[in-house]
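Peer 1: Structure in structure tokens, see below.
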Amino acid sequence: RNAVAGCILATDIAKHSSYCDQVRELVQEGASRPSAKQLEMELIIKCADISNVLKPFPIARRWALCVTDEFFHQGDVERTLGMPVLPSNDRRTQSRVDSQILFIQFVCAPFFESIATLYPGLRPDVDRMHENSETWKGYTDMELEETRGSIEDFIRLPSVGSDPDQKTFEDLLCLTAGTEHDFFADPLTAPVIGAIAGAADPGAEPARLTPGLQIMVERHQESLDNSARNSADSSPRDSGPMGIIPEAPSP
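Be aware that the sequence shown starts at 11, since it is given in our numbering, and climbs by one per residue.
Here it is in structure tokens:
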């Protein structure tokens, strides 16, 4: 039981520095691998936990979307509950692409470089991680979101809170233009989109809005304008005596 618990706790990012130090010490001692089996098991689990950065880029890119979705959804809940939102969880300010570059540079690279010394078989994967980092530098958040995939991926987004209808769709709205499904007209998603867009700061600089939120604000304003026009068009004409509306003259 303790062995399993130790392996699970090895995924705690708060322990990352400790593991880096332990691996670095093993490398300095010239060890070929940890002598303690428990530590070796924990290192294996830790490597697996953050291995998305080692994958071929199309897979690493998909994992980047999943991970940042999770962070942003947590930030949405934190904001809804009036809790402080961690910078990494704030979809309004955090760049998905930048988060991947910094994660590789400051978290993964130091750890995996030492691991590859203990386990040389991982060297090709570590080299791929550095290649992925360079590839990320040529990406933008918009380009990343455009690779998200199918509408099925969109619908399967985890919901915010316990209500399955309360989904956060902001980051996927860039898909709308390329699909036949109009999420702004969908009775399930339109109220959620309107609520999120209505809460956005209309005076915010465009650069401070993520692409999805920018689309939401623009489309929400269009919806309000259309509603106002439709309301004006449907208002009754001035009535004559007895409240009778005169018929329009024949052409």
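Don't be surprised by glycine CBs; every beta carbon is placed ideally from N, CA and C.
Under a three-way DSSP split, which group does D79 fall into?
Peer 2: DSSP places D79 in helix when its eight states are reduced to three.
Peer 1: I believe L53 touches V33 by the beta-carbon criterion, under 8 Å. Please report the beta-carbon distance rounded to the nearest angstrom.
Peer 2: Indeed they touch by this definition, with Cβ atoms about 7 Å apart.
Peer 1: Can you give me the start and stop residues for the alpha helix (DSSP H) that Q115 sits inside?
Peer 2: From DSSP, Q115 is part of no alpha helix (DSSP H); its letter is neither H nor E.
Peer 1: Identify the continuous alpha helix (DSSP H) that holds S27 and give its terminal residues.
Peer 2: Start and end: H26 to Q38.
Peer 1: Residues in the same chain with beta-carbon distance under 8 Å from P97, minus the five sequence neighbours each way, listed in chain order, please.
Peer 2: So the qualifying residues of the chain are T103 and Q104.
Peer 1: With DSSP run on the structure shown, which of helix, strand or coil describes S45?
Peer 2: The answer is coil: DSSP assigns S45 none of H, G, I, E or B.
Peer 1: Quick check: what's the CA-CA separation for S61 versus I114?
Peer 2: Straight-line Cα distance between these residues: approximately 11 Å.
Peer 1: From L36 to C118, what does the alpha carbon distance come to, in whole angstroms?
Peer 2: Looking at the two C-alpha atoms, the distance is approximately 18 Å.
Peer 1: Along the chain, where does the alpha helix (DSSP H) that runs through G131 open and close?
Peer 2: G131 -> no alpha helix (DSSP H), and no H or E assigned at all.
Peer 1: So, helix, strand or coil for A20, using DSSP?
Peer 2: Reduced to three states, the DSSP call for A20 is coil.
Peer 1: How big is the Cα-Cα spacing for H26 and E156?
Peer 2: The straight-line gap from Cα to Cα measures roughly 32 Å.
Peer 1: For E153 and M139, I'd like the C-alpha separation in whole angstroms.
Peer 2: Roughly 20 Å separates the two Cα atoms.
Peer 1: Any idea what DSSP makes of D100, helix, strand or coil?
Peer 2: Here D100 sits in coil by DSSP.
Peer 1: How many angstroms separate the CA atom of Q231 from the CA atom of V87?
Peer 2: Rounded to whole angstroms, Q231 to V87 spans 25 Å at the Cα level.
Peer 1: Using a Cβ-Cβ cut-off of 7 Å (strictly less than) and excluding sequence neighbours within five positions of A70, which residues of its own chain qualify?
Peer 2: Taken in chain order, the residues that qualify are N62, V63 and N142.
Peer 1: Does the distance from the CB of V95 to the CB of R101 come in under 7 Å?
Peer 2: Taking 7 Å as the Cβ cut-off, V95 and R101 do not qualify as a contacting pair.
Peer 1: Measuring alpha carbon to alpha carbon, tell me which of A41, S109 and D59 ends up nearest T150.
Peer 2: It is S109 whose Cα lies nearest to the Cα of T150.
Peer 1: Below 7 Å between beta carbons: does that hold for N99 and F116?
Peer 2: Contact flag unset, no.
Peer 1: Are the CB atoms of F121 and C30 nearer to each other than 7 Å?
Peer 2: In contact: F121 and C30 (Cβ atoms closer than 7 Å).
Peer 1: So which of P44, V14 and R11 has the shortest CA-CA distance to T127?
Peer 2: Measuring from the Cα of T127, the nearest candidate turns out to be P44.
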